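Below is one structure; the comments refer to it alone.
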Amino acid sequence: MGAQLRVYKRRIRSVTATKKITKAMEMIAASRVVKAQRKVAASTPYAQELTRAVTAVGTGSNTKHPLTTQAETVVRSAVLLLTSDRGLAGAFNSSAIKTAEKLTERLEREGKEVEIYIVGRRGVAHYNFRERKITESWGGFTDQPTYADAKKVAAPLIEAIEKDTAEGGVDELHIVFTEFVSMMTQTALDDRLLPLSLEDVAKEAAPQGEILPLYDFEPSAEDVLDALLPRYVESRIYNALLQSAASKHAATRRAMKSATDNAGDLITSLSRLANAARQAEITQEISEIVGGSAALADASAGSDR
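Structure representation (structure tokens):
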């Protein structure tokens with residue numbers, strides 16, 4: 001076997017092994033997308049009822065709360081960026097990071113200080129590599145986030161917005177995550193999470209002119225808001241974590257499918273080259289045999305004379 005043919009066969013074996021790996025990763029990601037979608041659907045009723053409860057308290061009383069009160073002058077803003085712990089997800093992380101950077105630039109142009117909070121090792125690595133300050137970060141759960149993870153992320157953010165800016169607190173909170181639209185479409189977007197706009201929440205809770213019931217609150221509307229608003233923020237962050245997880249798995253599936261298809265095309269190309277090398281080798285051997293036979297025939301004819 002010629003040296004060139006051995007090289008082609010070795011490359012074909014290598015690419016075939018890689019194709020098996022990417023195909024397995026594609027199937028795993030597809031399974032995880034379905035599970036993540038189910039979690040999003042399962043969390044929706046709780047989020048909807050919690051939104052209705054917050055709206056009922058906010059619109060049914062004159063209660064003011066730090067999480068619903070807009071500062072006259074916004075001094076400091078917090079940005080929560082949701083990325084993944086792992087790569088191999090196409091443009092998933094880079095799109096979210098670019099959206100966060102654009103948001104940060106806009107807030108800084110408005111004269112606001114920006115504090116960055118990051119979920120996911122990929123986002124942390126990006127900011128650390130560029131020596132940018134990270135106020136707080138979390139990781140290790142982005143593939144399968146739980147409500148406990150959302151509570152862990154929400155706690156310091158709620159504490160920061162309830163604290164006065166002179167003491168290191170923030171006036172508003174923005175969240176950057178990737179919305180799962182479909183298996184083929186995932187969109188990185190930013191949303192202002194706090195302070196909560198009760199008008200927007202009311203539209204979300206009672207669409208198409210639905211009238212919300214009136215309630216009496218015990219012990220008081222203030223106490224009810226104190227209990228409900230942190231849960232509302234946690235549910236919003238949990239939903240964003242689930243959306244990002246589903247988007248990441250969909251992006252991984254798409255990237256691995258592309259890699260598998262490319263590996264198949266490369267194997268086909270290498271097989272053609274190997275066949276051409278084999279044909280050239282056979283042709284050369286036949287030529288050598290024919291040449292040798294002719295030389296022997298000439299030698300025999302010379303000896304007969």
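Oh and the sequence shown: position 211 is 211 in the UniProt record's numbering, straight run, nothing missing.
Even glycine gets a Cβ: it sits at the ideal position worked out from N, Cα and C.
Predicted model only: the values in this text are computed from it and were never measured.
Quiz item: Between the C-alpha atoms of Val181 and Val57, what's the straight-line distance to the nearest angstrom?
Solution: 31 Å
Practice problem: Look at the Cβ atom of Leu80, then the Cβ atom of Ala96, and state whether they are nearer than 8 Å. | Solution: no
Quiz item: Which class does Leu196 belong to by DSSP, given the choice of helix, strand or coil?
Solution: coil
Quiz item: How many Å lie between residue 355 and Glu162 at the Cα?
Solution: Nothing about residue 355 can be reported from this structure: the residues present for the chain run from 1 to 305 only.
Quiz prompt | Where Ala71 sits in the DSSP three-state scheme | solution = coil
Self-check item: Backbone CA spacing between Val124 and Gly264 [nearest angstrom]
Solution: 35 Å
Quiz prompt | Cβ shell of Asp171 (< 7 Å), same chain only, five flanking positions each side left out | solution = Ala71, Val74, Val75, Arg76, Ser77, Thr165
Practice problem: Note down the Cα distance separating Asp149 from Pro219, rounded to an integer number of angstroms. | Solution: 30 Å
Quiz item: Which two residues bound the contiguous beta strand (DSSP E) that contains Ala78?
Solution: 76-82
Exercise. Report buried or exposed for Glu159, applying the criterion of at least 16 other Cβ atoms within 10 angstroms of its Cβ.
Key: exposed
Quiz item: With distances taken between CB atoms, is the gap from Ser247 to Phe92 smaller than 8 Å?
Solution: yes
Self-check item: Inter-residue Cα distance where the pair is Ala47 and Leu273
Solution: Using only the alpha carbons, I get a separation of about 58 Å.
Self-check item: Paired residues, beta bridge with Leu189 - DSSP
Solution: Phe177
Quiz prompt | Secondary structure of Ser235, DSSP reduced to three states | solution = helix
Quiz item: Sorted by chain position, which residues of the same chain lie with C-beta nearer than 7 Å to Lys39's C-beta, five sequence neighbours on each side aside?
Solution: Within its own chain, the residues whose Cβ lies closer than 7 Å to the Cβ of Lys39, once the five positions on either side in sequence are excluded, are Leu242, listed in chain order.
Self-check item: Local Cβ density within 10 Å of residue 310, reported as buried at 16 or more and exposed below that
Solution: There is simply no residue 310 to check, as the chain begins at 1 and stops at 305 in what is shown.
Quiz item: Hey, quick one: how far does the beta strand (DSSP E) through Val114 stretch, first residue to last?
Solution: It spans 113-119 - the beta strand (DSSP E) in which Val114 sits, taken as one unbroken run.
Practice problem: Whole angstroms is fine: what's the gap from Thr44's alpha carbon to Ala24's? | Solution: Answer to the nearest angstrom: the Cα atoms are 31 Å apart.
Quiz item: In terms of residues, what are the limits of the beta strand (DSSP E) holding Ser94?
Solution: For Ser94, no beta strand (DSSP E) run applies; the uninterrupted alpha helix (DSSP H) run containing it begins and ends at 92-109, by DSSP.
Practice problem: Would you mind working out which of Gly111, Arg192, Thr187 sits nearest Thr83, comparing C-alpha positions? | Solution: Thr187
Practice problem: Can you grab the Cα-Cα spacing for the pair Ile116 / Val176, in whole Å? | Solution: C-alpha separation (whole angstroms): 11 Å.
Quiz prompt | Cβ pair Leu173, Leu193 closer than 8 Å | solution = yes
Self-check item: Enclosing alpha helix (DSSP H) for Glu162 [first to last residue]
Solution: 147-162
Quiz item: Ile134 to Gly168, Cα distance in whole Å?
Solution: 14 Å
Quiz item: When the Cα atoms are used, what is the spatial distance from Lys9 to Arg231?
Solution: 60 Å
Quiz item: What residue does the beta strand (DSSP E) around Glu131 start on, and which one ends it?
Solution: That residue, Glu131, is in no beta strand (DSSP E); it is neither H nor E in DSSP.
Practice problem: Measure the C-alpha to C-alpha separation of Leu5 and Ser137 and round it to an integer number of angstroms. | Solution: Looking at the two C-alpha atoms, the distance is approximately 52 Å.
Exercise. Compute the beta-carbon to beta-carbon distance between Leu196 and Leu67, rounded to the nearest angstrom, for a pair I have assumed lies under 8 Å.
Key: 6 Å
Exercise. Could you check which residue in Ala276, Val7, Leu229, Ser258 has the C-alpha nearest to that of Thr51?
Key: Comparing Cα positions, the closest option is Leu229.
Quiz prompt | Cβ-based burial, Ile237 [other Cβ within 10 Å; buried from 16] | solution = buried
Quiz item: What residues match up with Glu172 in a beta bridge as DSSP calls it?
Solution: Ser77
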